[in-house]
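K.L.:
There's a structure below that I have some questions on.
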Amino acid sequence: MHEYREVFENNKRWVESKLEQDADFFEKLAKDQNPEFLYIGCSDSRVPANEIMGLEPGEVFVHRNIANLVVNTDMNVQSVINYAVVHLKVRYIIVCGHYGCGGVKAAMLPQDLGLLNPWLRNIRDVYRIHQDELDAIPDLTERYDRLVELNVLEQCINVVKVAEVQNRWYQERLPTVHGWVYDLHNGYLKDLKLDMGKELAKIRKIYDLQGT
Ligand code: CO
């Protein structure tokens with residue numbers, strides 16, 4: 101159990117330790133942000149974006165929600181992508197899921213979860229798209245792990261569908277989109293090795309916004 105006040109004590113100690121390393125740390129940070137990474141991850145408290153990537157404040161622009169979803173009509177995530185691509189000009193967009201994701205697990209079971217239903221339906225849609233592959237995996241844990249991976253890949257494709265992402269890609273071959281899965285049991289990140297050009301080529305007939 102933590103006392104509420106404790107976090108302010110922690111904060112004070114954190115400020116002091118940062119200033120010990122670099123007296124201008126906060127002054128420099130306050131001037132501007134120039135992150136090369138946009139990280140879209142799960143809200144799960146066990147998957148802290150900066151820490152698992154070993155990056156400092158100012159180095160990663162972060163969006164988190166339940167089960168790291170990139171929903172086409174979610175103004176929140178769409179605004180984050182727009183700002184990161186057009187204004188911050190990030191080089192990499194990461195969608196990072198994690199094994200043991202409660203959101204993905206909930207979507208595997210047919211049950212009524214109230215307000216969460218429409219959100220989790222996005223994961224059920226991923227299951228439907230890949231139903232043949234998933235149902236062929238007899239072990240439930242392995243099937244669950246694979247759905248975590250496929251969910252990440254589908255959310256990467258949702259990022260590739262975004263107009264600003266496509267426009268900048270055609271001009272600069274950036275940003276590149278990457279799918280990762282974090283393993284809660286050992287702390288390691290796994291790169292699902294998504295090929296941005298290949299993914300765009302695959303969906304181009306339907307989602308390409310260049311009209312060619
Ligand atoms: Co999760």
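Numbering (our numbering), first residue to last: 101 to 312. Ideal Cβ placement from N, Cα and C applies to all residues, glycine included.
1) What's the call for Ile194, buried or exposed, on a 16-neighbour Cβ count within 10 Å?
2) Assign Trp114 to buried or exposed, taking buried as 16 or more other Cβ atoms, counted over all protein chains shown, within 10 Å of its Cβ.
3) When the Cα atoms are used, what is the spatial distance from Ala207 to Leu216?
4) Suppose contacts are defined by Cβ-Cβ distances below 8 angstroms. Is Ala167 in contact with Gly203 by that definition?
5) Around the C-beta of Tyr288, are 16 or more other C-beta atoms found within 10 angstroms, so that it is buried, or is it exposed?
6) Measure from the alpha carbon of Gln266 to the alpha carbon of each residue in Tyr227, Val281, Asp308, then state which is nearest.
7) For His285, name the three-state secondary structure that DSSP assigns.
8) Would you check whether the ligand CO has a heavy atom nearer than 7 angstroms to the C-beta of Cys256?
9) Just confirm the distance between the C-beta atoms of Leu234 and Leu247, as a whole number of angstroms; I'd bet it's less than 8 angstroms.
10) Would you identify the three-state DSSP class for Asp292, choosing helix, strand or coil?
11) So, is Tyr227 buried or exposed, given that buried needs 16 or more other C-beta atoms within 10 angstroms?
P.N.:
In short, the structure shows the following:
1) Here residue 194 refers to the residue found at position 94 when the sequence shown is read from its first residue. Ile194 is buried by the Cβ-count criterion.
2) Within the sequence shown, the letter at position 14 stands for residue 114. With fewer than 16 Cβ atoms within 10 Å of its Cβ, Trp114 is classed as exposed.
3) Within the sequence shown, residue 207 is the residue found at index 107, counting from 1. Within the sequence shown, residue 216 is the residue found at index 116, counting from 1. C-alpha separation (whole angstroms): 10 angstroms.
4) Position 67 of the sequence shown holds residue 167. Position 103 of the sequence shown holds residue 203. A contact, by the Cβ cut-off of 8 angstroms.
5) Walking along the sequence shown from the start, residue 288 turns up at place 188. That one is exposed.
6) One-based indexing of the sequence shown puts residue 266 at position 166. The residue with the shortest Cα to Cα distance from Gln266 is Asp308.
7) Position 185 of the sequence shown, counted from the first residue, corresponds to residue 285. His285 sits in coil when the DSSP states are folded into three classes, being neither helix nor strand.
8) For the purposes of this step, residue 256 is taken as the residue at position 156 of the sequence shown. No, the beta carbon of Cys256 sits no closer than 7 angstroms to any heavy atom of the ligand CO.
9) Indexing the sequence shown from 1 puts residue 234 at position 134. Indexing the sequence shown from 1 puts residue 247 at position 147. So it is a contact: roughly 6 angstroms between Cβ atoms.
10) Here residue 292 is taken as the residue at index 192 of the sequence shown, counted from 1. Looking at the sequence itself, residue 292 is Leu, so the reference to Asp does not match. Under the three-state reduction of DSSP output, Leu292 falls in the coil class, being neither helix nor strand.
11) Residue 227 sits at position 127 when you count from the first residue of the sequence shown. It is buried - the Cβ of Tyr227 has at least 16 other Cβ atoms within 10 Å.
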